[in-house]
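As structure tokens, the structure follows; a few thoughts come after it.
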Amino acid sequence: MNIGNVVKSFFLGLGIGLVVLVLTSDAGTIGLRLLSVLASGGIGMLVGLVTEWLTSLLPIRLARPRTYFLINGAIAVIVTAVIMLTLMAFSGWRGAGMWRLIVVVLAIVMVANIVDYLLYRRTMARLRRLQARLGRAADER
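Shown next, in the form of structure tokens:
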């Protein structure tokens with residue numbers, strides 16, 4: 048299990064909590080708003096844990112980076128949707144605002160996964176350039 052991804056999910060949850068506060072600006076006192084953001088972080092961490100656990104169950108033959116990121120992202124979106132729908136069902140929140148909020152949160156999760164993949168590719172490109180430079184330096188000796 049990749050603990051780094053779980054930590055990223057926690058902070059993504061905090062960010063989503065802040066976005067939700069902006070979208071629902073009439074939602075109670077400052078203390079309640081702070082608790083909502085912290086709860087969003089906890090929910091993000093739960094999403095990260097479940098996503099990483101499910102991803103760790105995948106067969107090793109799927110270990111190519113593009114496939115891993117695609118499957119991991121799909122699992123993250125599905126887990127997020129299920130958790131959000133479950134929480135909204137328990138809270139009794141209904142209406143058009145609910146669907147708008149779900150779409151915004153899922154869009155944020157998808158963008159975060161795409162950014163994570165792009166950062167991975169950039170890091171791998173830098174590593175290849177460094178390895179090539181080190182190889183040339185070793186050849187010159």
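Under this note's numbering, the letters of the sequence shown match residues 48 to 188, in that order. Just so it is clear, CB atoms sit at the ideal spot from N, CA and C, and this is done for glycine as well. Given the structure is predicted, the values throughout are model-derived calculations rather than measurements.
Which residues mark the beginning and the end of the alpha helix (DSSP H) in which residue i is found?
i, result
"D73", "That residue, D73, is in no alpha helix (DSSP H); it is neither H nor E in DSSP."
"N160", "143 to 187"
"G139", "Where G139 is concerned, there is no enclosing alpha helix (DSSP H), given that its DSSP letter is neither H nor E."
"R80", "77 to 103"
Taking the C-alpha atoms as reference points, what is the distance between residue i and residue j?
i, j, result
"R188", "V66", "55 angstroms"
"V94", "R176", "35 angstroms"
"V69", "L117", "30 angstroms"
"L20", "R173", "Because the chain is modelled from 48 through 188, residue 20 falls outside the range shown and cannot be assessed."
"R183", "V162", "32 angstroms"
"G142", "T71", "13 angstroms"
"R180", "I107", "31 angstroms"
"D186", "R168", "27 angstroms"
Keeping to the same chain, check which residues put their C-beta closer than 7 angstroms to that of residue i; ignore five residues upstream and five downstream.
i, result
"V84", "L61, G64, L65, L68"
"N52", "G95, E99"
Within a Cβ cutoff of 6 angstroms, which residues of the same chain sit near residue i, ignoring the five residues on either side of it in sequence?
i, result
"L59", "G91, A159"
"V97", "V126"
Assuming residue i contacts residue j under a Cβ cut-off of 8 angstroms, what Cβ separation, rounded to an integer in Å, is found between them?
i, j, result
"V156", "T127", "5 angstroms"
"W100", "M135", "At roughly 23 angstroms, the Cβ-Cβ gap does not stay under 8 angstroms, so W100 and M135 are not in contact."
"M131", "V152", "6 angstroms"
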